[in-house]
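What follows is a single structure, written as structure tokens, with notes after it.
Number of protein chains: 2
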Amino acid sequence: MGSLDANCIASPRGFSPLDIDDFRQQAHQTVEFICEYYKGIESHPVVPQVEPGYLRRLLPETPSAQPMPFAKVLSEVQATVLPGMTHWTNPNFFAYFPATLSSAALCGDLLASALNPVAFNWLSSPAVTELESLTLDWLAQLIRLPKGFLFSAGGGGVLQATTSEAVLCTLVAARKMVLERAGHDGADKLVVYASDQTHSTFAKACKIAGIAPANIRIIPTAREDLFSLRPDSLRAAMEADAAAGLLPAYVCATVGTTSSTAVDPVAQLAEVAGRFGAWVHVDAAYAGSACVCPEFRHHLDGVDRVDSISMSPHKWLLTGLDCCCLWVRDRARLTTSLSTDPEYLKNRATESGLVVDYKDWQIGTGRRFRALKLFMVMRCYGTANLQSHIRSDVRMARGFEEMVAADTRFEVVVPRRFALVCFRMRPRRAGADGEAEADAANRRLLEEVNNSGGIYATHTVIGGIYVIRFAVGTTLTEERHVKAAWELFRAKADAAWEAAQ
Amino acid sequence: MGSLDANCIASPRGFSPLDIDDFRQQAHQTVEFICEYYKGIESHPVVPQVEPGYLRRLLPETPSAQPMPFAKVLSEVQATVLPGMTHWTNPNFFAYFPATLSSAALCGDLLASALNPVAFNWLSSPAVTELESLTLDWLAQLIRLPKGFLFSAGGGGVLQATTSEAVLCTLVAARKMVLERAGHDGADKLVVYASDQTHSTFAKACKIAGIAPANIRIIPTAREDLFSLRPDSLRAAMEADAAAGLLPAYVCATVGTTSSTAVDPVAQLAEVAGRFGAWVHVDAAYAGSACVCPEFRHHLDGVDRVDSISMSPHKWLLTGLDCCCLWVRDRARLTTSLSTDPEYLKNRATESGLVVDYKDWQIGTGRRFRALKLFMVMRCYGTANLQSHIRSDVRMARGFEEMVAADTRFEVVVPRRFALVCFRMRPRRAGADGEAEADAANRRLLEEVNNSGGIYATHTVIGGIYVIRFAVGTTLTEERHVKAAWELFRAKADAAWEAAQ
Chain A
1 MGSLDANCIA
11 SPRGFSPLDI
21 DDFRQQAHQT
31 VEFICEYYKG
41 IESHPVVPQV
51 EPGYLRRLLP
61 ETPSAQPMPF
71 AKVLSEVQAT
81 VLPGMTHWTN
91 PNFFAYFPAT
101 LSSAALCGDL
111 LASALNPVAF
121 NWLSSPAVTE
131 LESLTLDWLA
141 QLIRLPKGFL
151 FSAGGGGVLQ
161 ATTSEAVLCT
171 LVAARKMVLE
181 RAGHDGADKL
191 VVYASDQTHS
201 TFAKACKIAG
211 IAPANIRIIP
221 TAREDLFSLR
231 PDSLRAAMEA
241 DAAAGLLPAY
251 VCATVGTTSS
261 TAVDPVAQLA
271 EVAGRFGAWV
281 HVDAAYAGSA
291 CVCPEFRHHL
301 DGVDRVDSIS
311 MSPHKWLLTG
321 LDCCCLWVRD
331 RARLTTSLST
341 DPEYLKNRAT
351 ESGLVVDYKD
361 WQIGTGRRFR
371 ALKLFMVMRC
381 YGTANLQSHI
391 RSDVRMARGF
401 EEMVAADTRF
411 EVVVPRRFAL
421 VCFRMRPRRA
431 GADGEAEADA
441 ANRRLLEEVN
451 NSGGIYATHT
461 VIGGIYVIRF
471 AVGTTLTEER
481 HVKAAWELFR
491 AKADAAWEAA
501 Q
Chain H
1001 MGSLDANCIA
1011 SPRGFSPLDI
1021 DDFRQQAHQT
1031 VEFICEYYKG
1041 IESHPVVPQV
1051 EPGYLRRLLP
1061 ETPSAQPMPF
1071 AKVLSEVQAT
1081 VLPGMTHWTN
1091 PNFFAYFPAT
1101 LSSAALCGDL
1111 LASALNPVAF
1121 NWLSSPAVTE
1131 LESLTLDWLA
1141 QLIRLPKGFL
1151 FSAGGGGVLQ
1161 ATTSEAVLCT
1171 LVAARKMVLE
1181 RAGHDGADKL
1191 VVYASDQTHS
1201 TFAKACKIAG
1211 IAPANIRIIP
1221 TAREDLFSLR
1231 PDSLRAAMEA
1241 DAAAGLLPAY
1251 VCATVGTTSS
1261 TAVDPVAQLA
1271 EVAGRFGAWV
1281 HVDAAYAGSA
1291 CVCPEFRHHL
1301 DGVDRVDSIS
1311 MSPHKWLLTG
1321 LDCCCLWVRD
1331 RARLTTSLST
1341 DPEYLKNRAT
1351 ESGLVVDYKD
1361 WQIGTGRRFR
1371 ALKLFMVMRC
1381 YGTANLQSHI
1391 RSDVRMARGF
1401 EEMVAADTRF
1411 EVVVPRRFAL
1421 VCFRMRPRRA
1431 GADGEAEADA
1441 ANRRLLEEVN
1451 NSGGIYATHT
1461 VIGGIYVIRF
1471 AVGTTLTEER
1481 HVKAAWELFR
1491 AKADAAWEAA
1501 Q
């Protein structure tokens, strides 16, 4: 670090990090780098073969005092970063849920980065706020949310980074609502509810918000209900809590769970929660995007009775990370629980009450211009193509499901609803031992398939069963990739079974 | 919305939203669009002359069913979005704190968007995690953080979106630490501390975390202390709370406050907090970047005694929004308070204990590949240029300060420490009436200067005084812009004074 202790001398020509000619040249170079990357995307193993700590062996331990030519830095990224990437854009990526992407989103995001507004309130960049409000109104119409979620009706939408922030913000609003009703003196009495299939971020958001761990109800689900939360289970839990003098405050229903895309019955859960005055949030992070197609919209039935809903276009609506839409029915409930009013941000537009200040809709103050990429996706592609994109993925997943079902060694564990197939090799004998053998064999099969480097899929455990999750839908995935993936599972099945026993 | 009710037909050639040729063409077009924008950046008024709701009058109320050609969408952005932007990259923007940007950051961010990994844990993209850890170690060395904040010593850094998330995450870790010591039963007894100059996000993070509003101590500061938090004030508050059976839990010290870049005495505050076992966080969002220069590093003296520190390279280190670095001395304290372990994310790398899973260092699960732009900034420019960039801004601010001081009508309200000048027109008579007149006149002056469209500056109120904040440092700002801005203030001063009386 010796060189850092001296006052370094900058390059003699002066330092212009936003010189237009430099930017033009470097940006075009970067675009070509990306095109080359996409061209060769299938040649990379989906999951890299690197050991923990690999990168520190390739790069210096200390920052460099002197500049390095841009092209050399790009080469360094190629040589050191790319070999350690898990390639989410590789069409053979079937893990987790895919993070979809598009040219319109990439260009929109680049443009947003170049404008670089820190649009915490309306005045700090009116267009950023207004485009976000309008785009969220558009998307609300696309998935047919009730009018109450539109700005014109006192509701409205906001872009968050991820579902976690959406859950945390609405939880804070719910807490304020319930405590005001109860007389402000029962923070330790607040109880929150979700199923055991709810994303782990729910329990984490509750912990962050300071909900007493003993007051977080994780309600069990069962295979016979396809892992959806039973309204009578919720009612029983809420009744017991109310009888014990606790305050039921918040229910998180999921439309499309992470493990198996289970769908909670929104209308019935909202009906139960309504009796106790609890806030209902719908987490439709993944499946919300499917609702741009009329044939999937019924999964959101009952959303007219909930307080808030979130979905993440970065998952399945081509916007790239990060982009989570949150709509609330009563925006004042959200903003009064999250607003700040420091002197240095006071301004006449805010005082007029005519504008939206998005800092009061989120955890942070500063915020990126995320709306631009969502706007460009909706504008460049139109509803027609967005629907076709969802249907194409669902069609490919259906094809995979049919291939699984046609092989007697395998079974689909829960019926496919969207573009995720949950399957396994069947147990070869009944009873607990048979199940344990099957778990071991499926674990082995997944490992062998993933170790091949050809594809990447992940697992879950539902109802005590080890299940392989096959999520179709990276932007570049075509039918041939799905077919080849199935061939890989099929080819390795018997050997994996033998090896695991 | 009629068209949405039918199943739309996709374009006949099929839908390939990540077609390489399309992307190449659209991305190059976007780059040229950005170059044109930067070329003409000074021709836009810094703050737009639009009324609330302007955008809805320019764009349709409903999303379009059919796609629109990319070039047409860009033209639409030009015609509808740009006129409503507050132009943060305009060199005549002197408001808030600047959000600096660079070609390296833009290219790094574009590349990150194109790779689009959702790197919640190591396995989901090892390079993303490892580059982040290494880059944060580099930056820690650049600002000379003690070794304890490096990964090799049990500490470590993580990229958050903004300071708000950094404060919230460390607050949650502090709560766990203090409650464990106290025996888990005093959440309502936790007390947090900061000065009245601390960013509003502190109080908001406390509210979100469920800290009782009565337990948030906002300690007054005074002009004679240059608005920094006095250690004896902190000690008195903590002693009173401890005597009352409360649990002092968290102190947020600021190095470079938003109002006036005041610097809290970190070492002395840490010494006080240490007696009560409270967590100390240092918010160096703005001024942390200056510490890449040895001559500013003393402002962080005492950081060897704190638990965590955050700074935002998106403010003053050229990375673009969003990019906030958080370092902790004991990473296990952070991760045990934020970790989750759902089945669908279980993997051998995590179980080995050899890897960092960044989902356990932040609020959310998914996360962008933010490290790439920070890496590229450090690599492409080197310490030499980063220091020269900071010094150039400070030099320009010093020049502005000197011009203010040379005009007897004006005064610098608090001495400039970095690149923010807090000034006003002097009162023309002593006493409260004179102060009130001066407040009105300075408010009027700022309005007139801003309404000219030529520049944008903002205000604050400190020690009861209305002050104009002049923050130097957008990436494109040169000395001529600073001089012209001062001429504008000077030219409008007398008329503004008269008009305000």
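Top line first, the protein sequences correspond to chains A and H.
For what it's worth, the numbering used here labels the leading residue of the first sequence as 1, then goes sequentially.
For what it's worth, the numbering used here labels the leading residue of the second sequence as 1001, then goes sequentially.
C-beta atoms are modelled at their ideal positions from N, C-alpha and C, and glycine is treated no differently.
Q) Looking at the structure shown, is residue 349 of chain A part of a helix, part of a strand, or coil, going by DSSP? A) helix
Q. When we look at the beta-carbon of residue 1069 of chain H and count the other beta-carbons within 10 Å, is it buried (16 or more) or exposed?
A. exposed
(Q) To the nearest angstrom, how far is the alpha carbon of residue 346 of chain A from that of residue 388 of chain A? (A) 46 angstroms
**Q.** Nearest-angstrom beta carbon gap, residue 1269 of chain H and residue 1191 of chain H [assumed within contact, 8 angstroms]
**A.** Between residue 1269 of chain H and residue 1191 of chain H the Cβ distance is about 15 angstroms, and since that is not below 8 angstroms, they are no contact.
Q.
With a threshold of 9 angstroms between beta-carbons, can residue 289 of chain A be considered close to chain H, or not?
A. no
**Q.** Contacting residues, own chain, Cβ-Cβ under 6 angstroms from residue 446 of chain A (five flanking each side not counted)
**A.** 459, 468
Q: Can you tell me which of the three DSSP states residue 190 of chain A falls into?
A: Residue 190 of chain A sits in a strand when the DSSP states are folded into three classes.
Q | In DSSP terms, what residue 1459 of chain H is bridged to | A | Answer by DSSP bridge pairing, in chain order: H/1468.
**Q.** For residue 503 of chain A, the three-state DSSP class (helix, strand or coil)
**A.** Residue numbering for chain A in the displayed model covers 1 to 501; residue 503 of chain A lies beyond these limits and cannot be assessed.
**Q.** Secondary structure, beta strand (DSSP E): runs of 3+ residues fully inside the stretch 190–227 of chain A
**A.** 190–195, 216–219
Q.
Give me, in chain order, the residues of the same chain whose beta-carbon lies closer than 6 angstroms to that of residue 307 of chain A; leave out the 5 immediate sequence neighbours on both sides.
A. 279, 280, 329
Q) For residue 371 of chain A, which three-state DSSP category applies? A) helix
(Q) So, with DSSP's three-state summary, where would you put residue 259 of chain A? (A) coil
Q.
Please confirm whether residue 485 of chain A has its beta-carbon closer than 9 angstroms to some beta-carbon of chain H.
A. Taking CB atoms only, residue 485 of chain A has no neighbour in chain H less than 9 angstroms away.
Q.
For the alpha helix (DSSP H) containing residue 1276 of chain H, name the first residue and the last one.
A. Note, residue 1276 of chain H: alpha helix (DSSP H), 1266–1276.
Q.
Under DSSP, the alpha helix (DSSP H) around residue 1107 of chain H begins and ends at which residues?
A. 1103–1115
Q | Terminal residues of the beta strand (DSSP E) in which residue 296 of chain A lies | A | Counted as a single uninterrupted DSSP element, the stretch harbouring residue 296 of chain A is not any beta strand (DSSP E), since DSSP gives it neither H nor E.
Q) How many angstroms separate the CA atom of residue 1065 of chain H from the CA atom of residue 375 of chain A? A) 13 angstroms
Q: Examine chain A for any beta-carbon lying closer than 9 angstroms to the beta-carbon of residue 1217 of chain H, and answer yes or no.
A: Contact with chain A is absent for residue 1217 of chain H, since none of that chain's Cβ atoms lies less than 9 angstroms from the residue's Cβ.
Q: Under 8 angstroms between beta-carbons, which chain H residues line up against residue 33 of chain A? List them in chain order, please.
A: Simply 1111.
Q) If you measure from the beta carbon of residue 2 of chain A to each beta carbon in chain H, is any gap under 9 angstroms? A) Confidence at residue 2 of chain A is low in this model, with a pLDDT of 36, below 50, so its placement is unreliable and no value can be given for it.
Q: May I ask you to list, following chain order, the residues of the stretch 1356–1370 of chain H that have a beta carbon less than 7 angstroms from some beta carbon of chain A?
A: 1363, 1364, 1365, 1366, 1368
Q) Mind checking if residue 1067 of chain H is an interface residue toward chain A, Cβ cutoff 9 angstroms exclusive? A) yes
Q. Given that residue 281 of chain A touches chain H, what residues does it touch there, using C-beta distances under 7 angstroms?
A. Those within 7 angstroms of residue 281 of chain A in chain H number zero; the least Cβ separation is about 16 angstroms.
Q: For residue 1107 of chain H, return the contacting residues in chain A, with the cut-off set at a CB-CB distance below 7 angstroms.
A: Under the 7 angstroms cutoff, chain A gives 26, 27, 30.
Q | Nearest to residue 175 of chain A (by Cα), restricted to the options A/486, A/461, A/337, A/425 | A | Comparing Cα-Cα distances from residue 175 of chain A to each of A/486, A/461, A/337, A/425, the minimum goes to A/337.
(Q) Does residue 87 of chain A pass the burial test, meaning 16 or more other C-beta atoms within 10 Å, or should it be called exposed? (A) buried
Q. Among the residues of its own chain, which have a CB less than 6 angstroms from the CB of residue 91 of chain A, if the five just before and after it don't count?
A. 474, 476, 477, 481
Q) Anyone know if the C-beta pair for residue 1322 of chain H and residue 1161 of chain H falls short of 9 angstroms? A) yes
Q. CA-CA distance, residue 1325 of chain H and residue 390 of chain A?
A. 37 angstroms
Q.
Tell me the rounded alpha-carbon separation between residue 1219 of chain H and residue 1229 of chain H.
A. Answer to the nearest angstrom: the Cα atoms are 7 angstroms apart.
Q. So is residue 1228 of chain H in contact with chain A if we call contact Cβ pairs under 9 angstroms?
A. So no, residue 1228 of chain H is outside the interface.
Q | Cβ neighbours of residue 1111 of chain H in the same chain (closer than 7 angstroms, five flanking residues each side left out) | A | Scanning its chain for C-beta atoms nearer than 7 angstroms, with the 5 sequence neighbours on each side dropped, one finds around residue 1111 of chain H the residues 1372, in chain order.
Q. Looking only at its own chain, which residues have a Cβ that is under 6 angstroms from the Cβ of residue 506 of chain A, when we skip the five neighbours before and after it?
A. Shown here, chain A extends from 1 to 501; a query on residue 506 of chain A therefore has no answer.
Q: Go ahead and pull the three-state DSSP assignment for residue 1400 of chain H.
A: The answer is helix: DSSP assigns residue 1400 of chain H an H, G or I state.
Q: Please check if any C-beta of chain H sits within less than 9 angstroms of the C-beta of residue 501 of chain A.
A: Residue 501 of chain A is outside the set of residues whose beta carbon lies under 9 angstroms from a beta carbon in chain H.
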